[in-house]
Amino acid sequence: MRRFQRNASIFADKDALRESYTPPEIEERDEEIADYMDALQPVIDGWEPDNIFLYGNTGVGKTAVTDRLMEQLEEDAEEYDDIDVTVFSVNCKTLSSSYQVAVQLVNAMRPDGGEIAATGHPKQTVFRMLYDELEDIGGTVLLILDEIDSIGSNDELLYELPRARANGNLEHTKVGIIGISNDFKFSDQLDPRVQDTLCERELHFPAYEADELVSIVESRAEIALKEDAGDEGAIRLCAALAAKDRGSARQALDLLRLSGEQAERADEDVITEDHVEAARQELERERVEEGIRQLTHHGHLSLLSIVSLAAADDTPARTRTVFERYQNVCETMGISPLSRRSIHNHVKDLVMLGILRERDNNSGSGMRGNFNTYELDVPFDSALSALAGELDIDERASELRRLADINDVA
DNA sequence: CATCCACTGGAAGATATGGCGA
DNA sequence: TCGCCATATCTTCCAGTGGATG
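The first sequence lines up with residues 1123 to 1532 when you count with the numbering used here.
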């Protein structure tokens, strides 16, 4: 039996690089914090709060700043006897409708054991329950709806809540909504009346610049890493890679954490640029696998079709080719195929997930009309291995046969 | 330049699933 | 158990779109 041995240790406090960690001071967001505090001022003054809409890419500090300010607000409100602030926070990432958000809010407010199920209730009943809970709490209630864009245009809740007092649904409680979105176009797709009320105060968090990211990563590295464990170049590379991608501090810090793990695994006590590069690939692979895992069965089969086209060097492929291959795949597996339109949707989903790259109409000779072509946007091997994990044994066997067939022909 | 092709992508409706209260 | 309710996933239908063709 091998023995457990402690690796060369890189980290002093690894948790300081995790998403759940809130740094003592938030850097490079002074202006945004000032605006944000200004928008929250009515709460302390005892007025009905303004609704606030916050937008900016992932990892630019929206959630971190919000968490800090809410702590501060609750603390400062204690100084005033007539102010009673309660904050509820819901992440809407997996919630696709107003209804589901309302259910989550009710469950957040109810004591353990009193939760309601996610389906089955009439919509108005759930809203009623929400108002009852809010009314019980009283004072000022701030509702933080993180990643609110995932409810799409299904925005009744955002229409109802700000009007609850005017409509007589609430008397004792003042409600303020803080909507946080990664998608700056989100407010465009809302009902204009909802836009007006939700976006009373609009705050934009811009992406971090490269030099801002460097200083964020450096100061966090000081807490998280042991002395001299981080090579200057490696730290700058983490910041540079993230800056080039989406300007996300989250991404830069994830990179640093994974780089450290790479170094530990190699039993080295300094993080180098090579470790960062390895971490970047690991992060990319995780992203692909995560994306593929959440697809439906036919989504997997659609991807499989494209993977098999790629194996035969037939990509980029147009929709018709993909669909024909998909029908073949289904036939080999004894599954009845879906319609063309559905496969079109699945392929689009894959594009959204960044697994496929779409190019429009690069028509050569003899190709008429308006069409897109698709090809893998991730390494062939990672697509194949992620896919292999999702299909069952029978399917994997026929997939292998198929790929073997293609190689024979080619 | 009209017409056609091969799609794209929106919309509405069907079907199945799973949960609720009575 | 039954009649509701919300949702996810498909199907069907169809109005565009824009390059190719004659």
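Even for Gly, the Cβ is constructed at its ideal location relative to N, Cα and C.
If you're wondering where the values come from, they're calculated on a predicted model, not measured in any experiment.
CA-CA distance, Thr1180 to Ser1370, rounds to 6 Å.
Spatial neighbours of Val1429 in its own chain (CB-CB distance under 8 Å, excluding positions within 5 residues in sequence) are listed in chain order as Leu1498, Phe1502, Ala1505, Leu1506 and Leu1509. Just measuring C-alpha positions, the residue of Asp1137, Thr1295 and Asp1310 sitting nearest Glu1170 is Thr1295. As for any alpha helix (DSSP H) of minimum length 4 sitting wholly inside the region 1450–1484, the runs are 1462–1474, ordered along the chain. Per DSSP, the unbroken beta strand (DSSP E) holding Asp1268 starts and ends at Gly1261 to Asp1268. If you draw a straight line from the Cα of Ala1134 to the Cα of Gln1416, it comes to about 35 Å. Contact between Gln1226 and Val1248 is absent: CB atoms are separated by about 10 Å, not below the 8 Å threshold. In this structure Val1473 is not in contact with Ser1424, their Cβ atoms being roughly 11 Å apart against a cut-off of 8 Å.
By the criterion of a C-beta distance shorter than 6 Å, Lys1184 is surrounded in its chain by Leu1176, Gly1178, Ile1302 and Phe1327, once the five residues flanking it on both sides are discounted. Runs of the alpha helix (DSSP H) spanning 4 or more residues and lying entirely within the region 1376–1423 occur at 1395–1415, in chain order. Partner residues in the beta bridge of Ser1211, as assigned by DSSP, are Ile1266. Contact annotation: Leu1320 and Leu1347 have beta-carbon atoms that are not nearer than 7 Å. Taken in chain order, the unbroken stretches of alpha helix (DSSP H) that lie wholly in the region 1156–1243 and span 4 residues or more are 1184–1199 and 1220–1231.
Between the C-alpha atoms of Glu1340 and Val1207 there is a straight-line separation of about 36 Å. Phe1133 has Leu1347 as its beta-bridge partners, per DSSP.
Taking the Cβ atoms as the reference, Met1231 lies roughly 18 Å from Ile1270, outside the contact range of under 8 Å.
Straight-line measurement puts the Cα of Ile1155 at about 13 Å from the Cα of Arg1323. DSSP, read as helix, strand or coil, puts Thr1443 in helix. Within the same chain, no Cβ atom closer than 6 Å to the Cβ of Gln1246 is found once the five residues on either side in sequence are excluded. Straight-line spacing of the CA atoms in Val1451 and Pro1438 works out to 18 Å. If you check the CB distance, Tyr1158 and Leu1191 come in under 7 Å. A Cβ-Cβ contact shorter than 7 Å links Asn1291 with Tyr1253.
Cα atoms of Glu1255 and Asn1229: separation of roughly 10 Å, rounded to the nearest angstrom. In the three-state reduction of the DSSP assignment, Lys1366 falls in the helix class, which pools H, G and I.
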